[in-house]
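These notes concern the structure reproduced below.
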Amino acid sequence: MHLAYLLFLLSAFLAQQTVRGTVVDSFKNSNCRKFFYEKEEPAGFNSQNYARVCQTFRNRIYFASLYDKTRRIPLYSASLYNYKDPNDTSSETTEKNWKYEPQVSLPILILRLALVSRVLCSFQLVNHTKGDNMEKITENVKNDPKVRDSQPVEIDYQMKYYNMYYTRGHLVPNSFMASPSSKSATFTVSNAPPQPRGFNQKQWSEKEEEIAKKLDASCHVVSGVLPYETEKWIPEDRHRVAVPQFVWMAYKCPNIPPAAVLGYSDGNAPVDFDFGQGCKVKLKPKEIKDITVSCLESILASRIPSQSAYRIFTSGCGAHHSNIAEGTSWEQC
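Each residue of the sequence shown is one higher than the one before, starting from 912 at the first, in my numbering.
Shown next as C-alpha cells:
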C-alpha cells in the first residue's frame, strides 16, 4: 500500500513538474526537452527496453539520448548545434575519457522511488550514483555486473572483431559542441555505438564537417543508427553490444529545409530501400547519401518495428504523418 501511494504521488508530481533526473520516463517534462524541435521527442520509439537519458556532465545537461538497453547502444541522440550551457567557462578542460550513465543500470522502480524521496524528503539520489552526472569508466566499473548488464563498458576496441577494427562512434559529435564541457559530455557509451573505425574517421567524419557548414545555433540535430535485420554483436561469441548497419543524421533549422543523410557504415553487399513516394535509396558499403526526412522515417519503420508512426520532427513532415501542412510537398520534408 505504501509503495502504491508513493508511486501515485510520483505520477502526480511528474504531471506538474520538470524532471531533473538523468534517466526519465518521458522527455516531455524533462530539463532536456529543449534539445528537441518544438520540445517534442521523435515519435515511434516506444519500446519498454529504451532508456531516455538527459546527458548530464558537471551538473549541466548538454543533449538527450534514447538508449536501447537490450542492444546496449543509443538509437539516437538529439542536440542543438554549437551548444554550450550558460554556466560553461573556457577555463574548463575537455575530458576525452569515456564515461557511462550510472542511472541506466538502475531498475526504473528504484529511480522513481528515489525521485519521490528527493521531492518529499529532500534526499539525494540513491548512493549507487553520484547525483545525475555521467561518470568515468574505471576498472572497477568495467567489472561491475550491474553496470555491465546495461552498458558495454568493458569492450576493448583495440582488438579486432570480424577481422576489422571498430571504435565508439559519436552520434552527437564533439565537434558540434561549443565548450570544453559540452564536448566532454559527448564521450559517453550512451552516445556512441560501435562503428567501423575507418568509416567513422573518414566518410562519416567528412559528412559531419559538410553538414556543420550549413548549421547554426538555432538548428536541431538528431543522429541515430539502424540495427541489422539479424543482429550482429561484439564480441562475436557473446551478445554484449549490437553493431548497427547504418548511421543517420537529420537536422531542422529555421532558414533551411529539413534534411537527412544515411550512411552504410557496416556491411559488405549493396542494399536497396524502395518505399515509393520518392524514397528509393541504393547504397554500397561505406556510401553516404542525402535523403529526405520522410524517407528516413520510412526506413526506420522497416528496421525498428513500432506500434506508432515514426516522426523525427513535429513539423507536419513525415512519411507516416497525415497532417502535412498545406502547400508542403514530400520533397520539402
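Using N, Cα and C, we set each Cβ at its ideal position, and we do this for glycine too.
Counted within 10 angstroms of its Cβ, other Cβ atoms place residue i as buried (16 or more) or exposed
i, result
"Arg1149", "exposed"
"Ser1016", "buried"
"Tyr978", "buried"
"Gly1187", "exposed"
"Asn970", "exposed"
"Asn1163", "The sequence given here has Lys at residue 1163, not Asn. When all chains shown are included, Lys1163 counts as buried."
"Gln959", "exposed"
"Ile1210", "buried"
"Ile1167", "exposed"
"Tyr1073", "exposed"
"Ile1203", "The residue you asked about is not Ile; residue 1203 is Thr in the sequence shown. So Thr1203 ends up on the buried side."
"Pro1216", "exposed"
Residues of its chain near residue i, where Cβ-Cβ distance is below 6 Å and the 5 sequence neighbours each way are ignored
i, result
"Lys1009", "Per the sequence presented here, residue 1009 reads as Trp, with Lys not at that position. Closer than 6 Å at the Cβ level, and outside the excluded window around Trp1009, lie Ile1048 and Phe1098."
"Pro1181", "Lys1195"
"Phe947", "Ala989"
"Pro953", "Ile1223"
"Cys1193", "The identity of residue 1193 in the sequence shown is Lys, whereas the question assumes Cys. Result list for Lys1193: Asp1183, in chain order."
Proximity below 8 Å, CB of residue i to CB of residue j
i, j, result
"Pro985", "Pro1104", "yes"
"Asp999", "Ser1095", "no"
"Gly1174", "Ile1145", "no"
"Val1132", "Ser990", "yes"
"Pro1138", "Ala1153", "yes"
"Val1172", "Asp1127", "no"
"Ala1089", "Lys995", "yes"
"Val1083", "Asn1102", "yes"
"Asn1135", "Gln1156", "The sequence as given places Gly at residue 1135; Asn does not occur at that position. Taking 8 Å as the Cβ cut-off, Gly1135 and Gln1156 do not qualify as a contacting pair."
"Ser1219", "Gly955", "yes"
Supposed contact pair residue j and residue i - C-beta distance, whole angstroms, cut 8 Å
i, j, result
"Phe870", "Asn1085", "With the chain running from 912 to 1244 in the structure shown, residue 870 is simply not present."
Other residues of its chain near residue i: CB distance less than 7 Å, five sequence neighbours each side excluded
i, result
"Thr1040", "Unreliable placement is indicated for Thr1040, whose pLDDT of 40 sits below 50; no coordinate value is reported for it."
"Glu1065", "Lys1053 and Arg1059"
"Pro1063", "Arg983, Val1100, Arg1151 and Val1152"
"Thr1225", "Tyr948, Glu949 and Glu951"
Residues near residue i by beta carbon distance below 8 Å, same chain, minus five either side
i, result
"Pro1056", "none"
"Lys980", "Asn960, Tyr961, Ala962, Val1015 and Ser1061"
Counterpart residues of residue i in DSSP-defined beta bridges
i, result
"Val1154", "Paired residue(s): none; Val1154 is not in a bridge."
"Gln1106", "Thr1078"
"Lys1200", "Leu1173"
"Val1015", "Bridge partners of Val1015: none, in fact."
"Ser1134", "Ser988 and Met1160"
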